[in-house]
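>
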Amino acid sequence: MRDEMRDDRREHREARLRHLRARALHTPRGRATLISVLVSVGIGAVSMALGLLLAREVTFQLSLDEASRTLDRIAANVHAGQDPTLGEGRDDRVQIVDRSGRILYASPELRGKPSLINRDVAADDVLVDDDACPPSLGECVWVTGVRISDGTFGRPVVALVASHAPTLLTGLLLAVEMAAVLVLVVTAIGWWTWRAVGLSFAPVEAMRRQIARINAAGLGARVTVPDTGGEIQRLAETVNETLGRLDESASRERRFISDASHDLRNPIAGLHTRLEGALDEDDDFDWRAMVRAAVSDTERLNDIVDDLLELSRLDGRSPAPEEDIDLAAMVRREVDRRPARIPITTRLDDGAVVVANGLRLARVLGNLLANAERHALSAIEVTVRAEDGTATMEVLDDGSGVAPENRERVFERFARLPESRRRDPAGTGLGLPIAREIAETYGGSLAIEDSPRGARFVLRLPLAARRPAPAPAQSP
Numbered sequence: 009m010r011d012e013m014r015d016d017r018r019e020h021r022e023a024r025l026r027h028l029r030a031r032a033l034h035t036p037r038g039r040a041t042l043i044s045v046l047v048s049v050g051i052g053a054v055s056m057a058l059g060l061l062l063a064r065e066v067t068f069q070l071s072l073d074e075a076s077r078t079l080d081r082i083a084a085n086v087h088a089g090q091d092p093t094l095g096e097g098r099d100d101r102v103q104i105v106d107r108s109g110r111i112l113y114a115s116p117e118l119r120g121k122p123s124l125i126n127r128d129v130a131a132d133d134v135l136v137d138d139d140a141c142p143p144s145l146g147e148c149v150w151v152t153g154v155r156i157s158d159g160t161f162g163r164p165v166v167a168l169v170a171s172h173a174p175t176l177l178t179g180l181l182l183a184v185e186m187a188a189v190l191v192l193v194v195t196a197i198g199w200w201t202w203r204a205v206g207l208s209f210a211p212v213e214a215m216r217r218q219i220a221r222i223n224a225a226g227l228g229a230r231v232t233v234p235d236t237g238g239e240i241q242r243l244a245e246t247v248n249e250t251l252g253r254l255d256e257s258a259s260r261e262r263r264f265i266s267d268a269s270h271d272l273r274n275p276i277a278g279l280h281t282r283l284e285g286a287l288d289e290d291d292d293f294d295w296r297a298m299v300r301a302a303v304s305d306t307e308r309l310n311d312i313v314d315d316l317l318e319l320s321r322l323d324g325r326s327p328a329p330e331e332d333i334d335l336a337a338m339v340r341r342e343v344d345r346r347p348a349r350i351p352i353t354t355r356l357d358d359g360a361v362v363v364a365n366g367l368r369l370a371r372v373l374g375n376l377l378a379n380a381e382r383h384a385l386s387a388i389e390v391t392v393r394a395e396d397g398t399a400t401m402e403v404l405d406d407g408s409g410v411a412p413e414n415r416e417r418v419f420e421r422f423a424r425l426p427e428s429r430r431r432d433p434a435g436t437g438l439g440l441p442i443a444r445e446i447a448e449t450y451g452g453s454l455a456i457e458d459s460p461r462g463a464r465f466v467l468r469l470p471l472a473a474r475r476p477a478p479a480p481a482q483s484p
């Protein structure tokens, strides 16, 4: 049982290690390390091979030069009919062999040992065997030979000189040493790359952990901005800006839900109270007044729901048919339809044609005129003009106007100034926000600008030939 448990734990550890290794290769840190290792292996293998081969060649050439000088002395002695001995105190390893390979002369260190070479050199004047490891010597040597046609021995012979070959530069040992050095270098480069990339990505990992702790209830949190400069610092700043926009959007959504609930609750509560009160009345109660009040409450509910649906469509950028709209013609048509509660004068220039949905633009004008009618004392004026690639429509009233500090507030959803509540208790507080949303949908703007008297709402839209792309959607 214990053996099975140990086996299970070992298999679990091995599986976890395999998972971690596979996961590491899928990270930027792992990929960067792998690429650097592969590149280092390629460059290192080529560089070390060339370097070691060059060192081997230089060392061999030096040994060859020394051996050539030795052979020259031997040849000179042999041609002169003298003993090939080079003199006392020299430690050269020399052999003189005939064409059959029989040793005719050997220096003290090589006496009694077989020939340094086993192949026929009769056809060559000079022999160079740069990688010989005779078992009799116990080491690798570089053998250099020269053919001598006459002299002391009376027949052609070959003089051989064995030069010491540096152990580090011979045979299989050379390949093993190259591989060992390459492994050490690549390991060092891989470790350095892994550590360097890890340190450079440490701020990113810190941001990841901080972002992972952020939830819908804590959008006010921000990530730490590293003081490193470059892309990572800009990434942290962008993350914080994005979190700020999300926080603002979530706050607007919470306010929107709260305000919508409040505005919906009032007519619902009024309707409920009236119906509940009617149940307590006598049979001869005049229910018509109660029904009229209930109808008024349901109409306000209907207005609020319609406005909420329109805002939802605008927020979602729901597509609506678009066409060329002549603002002057639209103003004439909408003004003619409205009841003449307050006189409306117009100053309309031709040529102000925009691309938009006709019903939505008519709603903008209707909302602006309704707002003007609530606040105007005696007159409303609508102007339309086209200039510098922009179509401009203005709605002016001669009321008390809007204080500069409240000019943006009136475009907030469900925001209603005290005067608006007093003049129109049944208003939804969504007319002006909807009008601005529609304007921005078609690349335009709606704002309150200075006026000598009353409020001056200015709608600007690009002319049909110069309309930009629609603005991105925003959450309520």
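For the sequence shown, this note's numbering gives the first residue as 9, with consecutive numbering after it. Glycine residues also receive a C-beta, built at the ideal position from the N, C-alpha and C atoms.
#1: Please confirm whether residue 346 and residue 446 have their CB atoms less than 8 Å apart.
#2: Which first and last residues belong to the beta strand (DSSP E) in which residue 523 is found?
#3: Considering just the uninterrupted stretch of the alpha helix (DSSP H) at residue 354, what are its terminal residues?
#4: Does DSSP put residue 398 in a helix, in a strand, or in coil?
#5: Which stretch, first to last residue, makes up the alpha helix (DSSP H) that contains residue 372?
#6: Nearest CA to the CA of residue 83: which residue from 318, 164, 425, 407?
#7: Are the CB atoms of residue 404 and residue 459 nearer to each other than 8 Å?
#8: Looking at C-alpha atoms only, which residue of 248, 371, 238, 237 is the closest neighbour of residue 227?
#9: Among the residues of its own chain, which have a CB less than 6 Å from the CB of residue 210, if the five just before and after it don't count?
#10: My understanding is that residue 437 touches residue 423, with C-beta atoms under 8 Å, so please give their C-beta distance in whole angstroms.
#11: By alpha-carbon positions, which one of 62, 329, 144 ends up nearest to residue 101?
#12: Start and end of the beta strand (DSSP E) containing residue 106?
#13: Within its chain, find whatever has a CB closer than 7 Å to the CB of residue 279; leave out the 5 residues flanking it on each side and keep chain order.
#14: Considering only the alpha carbon of each residue, which of 157, 299, 152 lies closest to residue 172?
#15: Any chance the region 237–253 sits against the region 280–287, with 3 or more Cβ pairs inside 8 Å?
#16: Relative to the alpha-carbon of residue 81, which residue among 329, 169, 111 has its alpha-carbon at the smallest distance?
#17: Here's the rule: buried if 16 or more other CB atoms are within 10 angstroms of the residue's CB, otherwise exposed. What is residue 199?
#18: Are the beta-carbon atoms belonging to residue 312 and residue 377 less than 8 Å from one another?
#19: When we look at the beta-carbon of residue 85 and count the other beta-carbons within 10 Å, is it buried (16 or more) or exposed?
#20: With a CB to CB cut of under 7 Å and the five nearest residues on each side skipped, what residues in its chain are close to residue 131?
#21: Find the nearest neighbour of residue 382 within the set 349, 392, 356, 343, judged by alpha-carbon distance.
#22: Note down, in chain order, each residue of its chain lying with its Cβ closer than 7 Å to the Cβ of residue 471, except the 5 sequence neighbours on either side.
#23: Express the C-alpha separation of residue 329 and residue 410 in angstroms, rounding to a whole number.
#24: Is residue 283 helix, strand or coil by DSSP?
#25: Along the chain, where does the alpha helix (DSSP H) containing residue 440 start, and where does it finish?
#26: Identify the continuous beta strand (DSSP E) that holds residue 406 and give its terminal residues.
#27: Using only CA atoms, which one of 358, 331, 386, 338 lies nearest to residue 352?
#28: Considering only the beta carbon of each residue, do residue 452 and residue 468 sit closer than 8 Å?
#29: Distance, Cα to Cα, residue 231 vs residue 223?
#30: How should residue 408 be labelled, buried or exposed, when 16 other C-beta atoms within 10 angstroms of its C-beta is the threshold for buried?
#31: To which residues does DSSP link residue 391 through a beta bridge?
#32: Which of the three DSSP states, helix, strand or coil, is assigned to residue 468?
#33: Counting only the same chain and skipping the five closest in sequence on each side, list residues whose C-beta sits under 8 Å from that of residue 332.
#34: Closest to residue 196 by C-alpha separation, out of 417, 44, 426, would be which residue?
#35: My understanding is that residue 40 touches residue 186, with C-beta atoms under 8 Å, so please give their C-beta distance in whole angstroms.
#36: Return the CA-CA distance between residue 418 and residue 207, expressed in angstroms with no decimal places.
Let me spell this out:
#1: Contact: no.
#2: No answer is possible for residue 523: the residues shown for the chain start at 9 and end at 484.
#3: For residue 354, no alpha helix (DSSP H) run applies; the uninterrupted beta strand (DSSP E) run containing it begins and ends at 352–356, by DSSP.
#4: Secondary structure of residue 398 (DSSP, three-state): strand.
#5: 366–383 is the extent of the alpha helix (DSSP H) around residue 372.
#6: Selection 318, 164, 425, 407 evaluated against residue 83 yields 164 as nearest (Cα-Cα).
#7: Contact annotation: residue 404 and residue 459 have beta-carbon atoms nearer than 8 Å.
#8: Of the candidates 248, 371, 238, 237, the one whose C-alpha sits nearest the C-alpha of residue 227 is 248.
#9: Once the five neighbours on either side are set aside, residue 210 has no close Cβ partner at all.
#10: About 6 Å; that satisfies the 8 Å criterion.
#11: Among 62, 329, 144, the Cα nearest to that of residue 101 belongs to 144.
#12: From DSSP, the beta strand (DSSP E) with residue 106 extends over 101–106.
#13: Closer than 7 Å at Cβ, skipping near neighbours: 302, 305, 306.
#14: Ranking 157, 299, 152 by Cα distance to residue 172 puts 152 first.
#15: They do not touch, by the three-pair rule.
#16: Each of 329, 169, 111 was checked against the Cα of residue 81, and the nearest Cα belongs to 169.
#17: Residue 199 comes out exposed.
#18: Judged by beta-carbon spacing, residue 377 lies beyond the 8 Å limit of residue 312, meaning their Cβ atoms are not closer than that value.
#19: The residue in question, residue 85, is buried, as its Cβ has 16 or more Cβ neighbours within 10 Å.
#20: Residue confidence is low: residue 131 scores 49 on pLDDT, short of 50, so the model does not pin down where it sits. Its coordinate-derived value is still stated next. Scanning its chain for C-beta atoms nearer than 7 Å, with the 5 sequence neighbours on each side dropped, one finds no residue around residue 131.
#21: Just measuring C-alpha positions, the residue of 349, 392, 356, 343 sitting nearest residue 382 is 349.
#22: Hits under 7 Å: 361, 362, 394, 397, 398, 399.
#23: Straight across, the Cα-Cα distance linking residue 410 with residue 329 is about 34 Å.
#24: Helix at residue 283.
#25: Bounds of the alpha helix (DSSP H) holding residue 440 are 439–449.
#26: Counting along the chain, residue 406 falls outside any beta strand (DSSP E), and DSSP gives it neither H nor E.
#27: Ranking 358, 331, 386, 338 by Cα distance to residue 352 puts 386 first.
#28: For the pair residue 452 and residue 468, the CB atoms are nearer than the 8 Å cut-off.
#29: Roughly 13 Å between the two C-alpha positions.
#30: Counting the other CB atoms within 10 Å of its CB gives residue 408 a total below 16, which places it among the exposed residues.
#31: Bridge partners of residue 391: 355, 402.
#32: Per DSSP, reduced to three states, the secondary structure at residue 468 is strand.
#33: Excluding residues within five positions, the ones whose Cβ falls inside 8 Å are 361, 362, 363, 472.
#34: Between residue 196 and the set 417, 44, 426, the nearest pair of CA atoms involves 44.
#35: Not confirmed; about 26 Å, so no contact.
#36: Rounded to the nearest angstrom, the two C-alpha atoms are 51 Å apart.
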